[in-house]
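Numbering (mature numbering (1 follows the signal peptide of the UniProt record, and there is no 0)), first residue to last: -25 to -1, 1 to 155. For glycine and all other residues, C-beta sits at the position ideal for the given N, C-alpha and C.
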(Lines of atoms letter the chains of each structure in order from A and count residues from 1; the text may use other names and numbers.)
(Lines give C-alpha, C1' and ligand atoms only; values in the text may rest on other atoms or scores of the structure.)
Protein backbone atom coordinates (compact mmCIF):
# COMPACT_ATOMS: atom_id res chain seq x y z
CA UNK A 1 0.00 0.00 0.00
CA UNK A 2 2.86 2.39 0.81
CA UNK A 3 4.38 1.79 -2.63
CA UNK A 4 1.13 2.69 -4.35
CA UNK A 5 0.86 5.86 -2.27
CA UNK A 6 4.43 6.83 -3.15
CA UNK A 7 3.64 6.36 -6.84
CA UNK A 8 0.41 8.36 -6.62
CA UNK A 9 1.85 11.22 -4.56
CA UNK A 10 3.95 12.76 -7.38
CA UNK A 11 1.03 12.35 -9.78
CA UNK A 12 -1.34 14.13 -7.40
CA UNK A 13 1.13 16.93 -6.73
CA UNK A 14 1.76 17.51 -10.43
CA UNK A 15 -1.91 17.38 -11.35
CA UNK A 16 -2.55 20.36 -9.07
CA UNK A 17 -0.12 22.57 -10.94
CA UNK A 18 -0.75 24.47 -14.16
CA UNK A 19 2.52 23.30 -15.70
CA UNK A 20 2.29 19.88 -17.38
CA UNK A 21 4.85 17.18 -16.57
CA UNK A 22 5.79 16.96 -20.25
CA UNK A 23 6.76 20.64 -20.20
CA UNK A 24 8.82 20.20 -17.04
CA UNK A 25 10.63 17.28 -18.68
CA UNK A 26 11.17 19.12 -21.99
CA UNK A 27 12.46 22.34 -20.42
CA UNK A 28 14.70 20.54 -17.91
CA UNK A 29 16.72 19.10 -20.80
CA UNK A 30 16.68 22.28 -22.91
CA UNK A 31 20.19 23.72 -23.07
CA UNK A 32 22.25 26.27 -24.93
CA UNK A 33 22.89 23.84 -27.82
CA UNK A 34 19.12 23.58 -28.29
CA UNK A 35 18.82 27.37 -28.13
CA UNK A 36 21.52 27.71 -30.80
CA UNK A 37 19.55 25.53 -33.21
CA UNK A 38 16.36 27.62 -33.03
CA UNK A 39 15.17 29.75 -35.95
CA UNK A 40 13.74 33.07 -34.72
CA UNK A 41 10.98 33.11 -37.33
CA UNK A 42 9.72 29.72 -36.10
CA UNK A 43 9.37 30.77 -32.45
CA UNK A 44 5.68 31.33 -31.80
CA UNK A 45 3.39 31.74 -28.80
CA UNK A 46 -0.31 30.94 -28.36
CA UNK A 47 -2.02 32.73 -25.48
CA UNK A 48 -5.59 31.76 -24.59
CA UNK A 49 -7.80 34.01 -22.44
CA UNK A 50 -11.52 33.78 -21.62
CA UNK A 51 -14.10 35.72 -23.59
CA UNK A 52 -14.20 39.36 -22.49
CA UNK A 53 -10.45 39.54 -21.81
CA UNK A 54 -8.24 41.18 -24.43
CA UNK A 55 -4.50 40.75 -24.73
CA UNK A 56 -2.20 43.76 -25.05
CA UNK A 57 -0.03 42.23 -27.78
CA UNK A 58 2.37 45.19 -28.04
CA UNK A 59 3.33 44.93 -24.36
CA UNK A 60 3.38 41.13 -24.11
CA UNK A 61 6.80 39.55 -24.48
CA UNK A 62 8.96 36.45 -24.53
CA UNK A 63 11.98 36.44 -22.25
CA UNK A 64 15.19 34.42 -22.39
CA UNK A 65 17.50 34.15 -19.39
CA UNK A 66 20.95 32.72 -19.98
CA UNK A 67 23.44 31.93 -17.25
CA UNK A 68 27.14 31.18 -17.60
CA UNK A 69 30.16 31.09 -15.33
CA UNK A 70 31.00 34.68 -16.28
CA UNK A 71 27.59 36.34 -16.04
CA UNK A 72 23.84 36.21 -16.51
CA UNK A 73 22.04 37.60 -19.54
CA UNK A 74 18.36 38.54 -19.67
CA UNK A 75 16.64 39.52 -22.87
CA UNK A 76 13.10 40.57 -23.76
CA UNK A 77 11.66 39.93 -27.20
CA UNK A 78 8.53 41.80 -28.26
CA UNK A 79 5.71 39.89 -29.92
CA UNK A 80 3.32 40.66 -32.76
CA UNK A 81 0.20 38.97 -34.08
CA UNK A 82 0.93 36.14 -36.47
CA UNK A 83 -2.73 35.61 -37.31
CA UNK A 84 -5.95 37.31 -36.26
CA UNK A 85 -7.19 36.18 -32.81
CA UNK A 86 -9.65 33.29 -33.00
CA UNK A 87 -12.64 32.72 -30.72
CA UNK A 88 -13.07 29.08 -29.71
CA UNK A 89 -15.84 27.40 -27.78
CA UNK A 90 -15.01 24.50 -25.51
CA UNK A 91 -16.83 22.59 -22.82
CA UNK A 92 -15.46 21.69 -19.42
CA UNK A 93 -15.54 18.38 -17.58
CA UNK A 94 -18.89 19.37 -16.06
CA UNK A 95 -20.40 20.22 -19.46
CA UNK A 96 -20.37 24.01 -19.17
CA UNK A 97 -19.55 25.61 -22.51
CA UNK A 98 -17.37 28.71 -22.56
CA UNK A 99 -15.66 30.83 -25.18
CA UNK A 100 -12.02 31.80 -25.24
CA UNK A 101 -9.85 33.96 -27.48
CA UNK A 102 -6.62 32.46 -28.81
CA UNK A 103 -3.86 34.87 -29.82
CA UNK A 104 -1.20 33.50 -32.18
CA UNK A 105 1.97 35.55 -31.78
CA UNK A 106 5.52 35.57 -33.12
CA UNK A 107 8.65 37.62 -32.53
CA UNK A 108 8.43 40.97 -34.30
CA UNK A 109 11.09 41.75 -36.94
CA UNK A 110 13.31 43.71 -34.52
CA UNK A 111 13.10 40.90 -31.96
CA UNK A 112 13.96 38.31 -34.61
CA UNK A 113 17.14 40.26 -35.39
CA UNK A 114 17.97 40.60 -31.67
CA UNK A 115 17.33 36.87 -31.18
CA UNK A 116 19.81 36.06 -33.97
CA UNK A 117 22.37 38.43 -32.38
CA UNK A 118 21.99 36.64 -29.05
CA UNK A 119 22.61 33.32 -30.78
CA UNK A 120 25.78 34.73 -32.41
CA UNK A 121 26.97 35.95 -29.01
CA UNK A 122 26.43 32.48 -27.56
CA UNK A 123 28.60 30.91 -30.25
CA UNK A 124 31.57 32.57 -28.54
CA UNK A 125 30.74 31.55 -24.97
CA UNK A 126 29.00 28.48 -23.62
CA UNK A 127 25.97 28.96 -21.40
CA UNK A 128 25.19 26.78 -18.40
CA UNK A 129 21.45 27.30 -18.45
CA UNK A 130 18.68 28.69 -20.61
CA UNK A 131 15.24 29.66 -19.29
CA UNK A 132 12.36 30.84 -21.46
CA UNK A 133 9.28 32.64 -20.20
CA UNK A 134 6.27 34.35 -21.73
CA UNK A 135 4.71 37.42 -20.09
CA UNK A 136 1.20 38.23 -21.34
CA UNK A 137 -0.26 41.67 -20.64
CA UNK A 138 -3.98 42.42 -20.65
CA UNK A 139 -5.40 45.40 -22.53
CA UNK A 140 -8.87 45.05 -21.00
CA UNK A 141 -10.96 42.71 -18.90
CA UNK A 142 -14.52 42.50 -17.51
CA UNK A 143 -15.12 44.89 -14.61
CA UNK A 144 -16.56 42.13 -12.39
CA UNK A 145 -13.61 39.74 -12.91
CA UNK A 146 -11.31 39.06 -9.95
CA UNK A 147 -8.98 36.72 -11.82
CA UNK A 148 -8.23 35.35 -15.28
CA UNK A 149 -7.58 31.80 -16.41
CA UNK A 150 -4.78 31.79 -18.94
CA UNK A 151 -3.06 29.14 -21.05
CA UNK A 152 0.22 29.59 -22.91
CA UNK A 153 1.65 27.30 -25.59
CA UNK A 154 5.11 27.75 -27.07
CA UNK A 155 6.54 26.62 -30.40
CA UNK A 156 10.32 26.61 -30.63
CA UNK A 157 10.41 24.94 -34.04
CA UNK A 158 7.79 24.24 -36.67
CA UNK A 159 9.03 20.65 -36.82
CA UNK A 160 8.22 19.96 -33.16
CA UNK A 161 5.09 22.12 -32.97
CA UNK A 162 3.57 23.64 -29.85
CA UNK A 163 3.93 22.43 -26.29
CA UNK A 164 2.06 23.74 -23.27
CA UNK A 165 3.91 26.08 -20.92
CA UNK A 166 0.94 26.94 -18.72
CA UNK A 167 -2.40 25.16 -18.79
CA UNK A 168 -5.32 27.07 -17.32
CA UNK A 169 -3.45 28.97 -14.61
CA UNK A 170 -5.67 31.28 -12.58
CA UNK A 171 -4.07 34.68 -12.08
CA UNK A 172 -5.37 37.41 -9.79
CA UNK A 173 -6.24 40.79 -11.28
CA UNK A 174 -5.69 42.60 -7.95
CA UNK A 175 -2.23 43.88 -8.91
CA UNK A 176 -3.46 45.00 -12.32
CA UNK A 177 -6.43 46.81 -10.75
CA UNK A 178 -4.15 48.68 -8.32
CA UNK A 179 -2.21 50.15 -11.27
CA UNK A 180 -5.35 51.74 -12.75
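- In the DSSP assignment, residue 33 falls outside any beta strand (DSSP E), carrying neither H nor E.
- Under the criterion of beta carbons closer than 8 Å, residue 20 and residue 129 qualify as touching, at roughly 6 Å.
- Residue 96: member of the alpha helix (DSSP H) spanning 84 to 99, first to last residue.
- DSSP, read as helix, strand or coil, puts residue 102 in coil.
- Taking 8 Å as the cut-off, the beta carbon of residue 30 is found no closer than this to the beta carbon of residue 39.
- Inter-segment contact for the stretch 42 to 53 and the stretch 98 to 109 is present: three or more beta-carbon pairs are separated by less than 8 Å.
- Taking a C-beta distance under 8 Å as the contact criterion, residue 89 and residue 28 do not qualify as a contact pair.
- Closest in C-alpha terms to residue 14, from the list 49, 91 and 71, comes 91.
- The Cβ-Cβ distance between residue 93 and residue 57 does not fall below 8 Å.
- A residue is called buried once 16 or more other Cβ atoms fall within 10 Å of its Cβ, and residue 140 is buried on that count.
- Under the DSSP definition of a beta bridge, residue 72 partners with 66.
- Each of 12, 16 and 9 was checked against the Cα of residue 83, and the nearest Cα belongs to 16.
- Where residue 144 is concerned, the enclosing beta strand (DSSP E) starts and stops at 137 to 147.
- For residue 97, the CB contacts under 8 Å within the same chain, skipping 5 residues up- and downstream, are 7, 10, 11 and 41 in chain order.
- Under DSSP, residue 21 shares a beta bridge with 79 and 128.
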